[in-house]
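J.:
Residue numbers (full-length UniProt numbering): 1 to 87.
1) In chain order, which continuous runs of the alpha helix (DSSP H) of length 4 or greater are located wholly inside the segment 1-41?
2) Could you tell me whether the segment 49-59 touches the segment 17-27, using the rule of 3 or more Cβ pairs below 8 Å?
3) Apart from the five residues just before and just after residue 1, which ones in its own chain have a Cβ nearer than 7 Å to its Cβ?
4) Just how far apart, CA to CA, sit residue 86 and residue 12?
5) Below 8 Å on the Cβ atoms is my guess for residue 74 versus residue 42; work out the distance and round it to an integer in Å.
6) Using three-state DSSP, classify residue 77 as helix, strand or coil.
7) Please name the residue in 5, 8, 82, 34 whose C-alpha comes closest to that of residue 67.
8) Which of the three DSSP states, helix, strand or coil, is assigned to residue 83?
9) Return the first residue and the last residue of the alpha helix (DSSP H) that residue 54 is part of.
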């Protein structure tokens, strides 16, 4: 069940009615974190972005490993590469 406050509809309370032992933890990196990584690797090195992300209080839940940041950085650099047709 999900409840919202009448005074602040953006604040919600989630109540789980089920067996906690049957729940499966989510290992997916949040979309907001992926978007932040893609935005930051355009101007910063992957090492700096990774270091900043894991040094936050919620560092454990933000990113799983440095390969995620390195992949996004490499993807960004590949978009900037000149192809043979452009040369």
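Where a beta carbon is used, it is the ideal one built from N, C-alpha and C, also for glycine.
T.: Well, looking at it:
1) 31-40
2) no
3) 15, 17
4) 52 Å
5) Contact doesn't hold; Cβ gap of about 12 Å is too wide.
6) If DSSP states are grouped into helix, strand and coil, residue 77 belongs with the helices.
7) Across the set 5, 8, 82, 34, the C-alpha of 34 shows the shortest separation from the C-alpha of residue 67.
8) coil
9) 46-54
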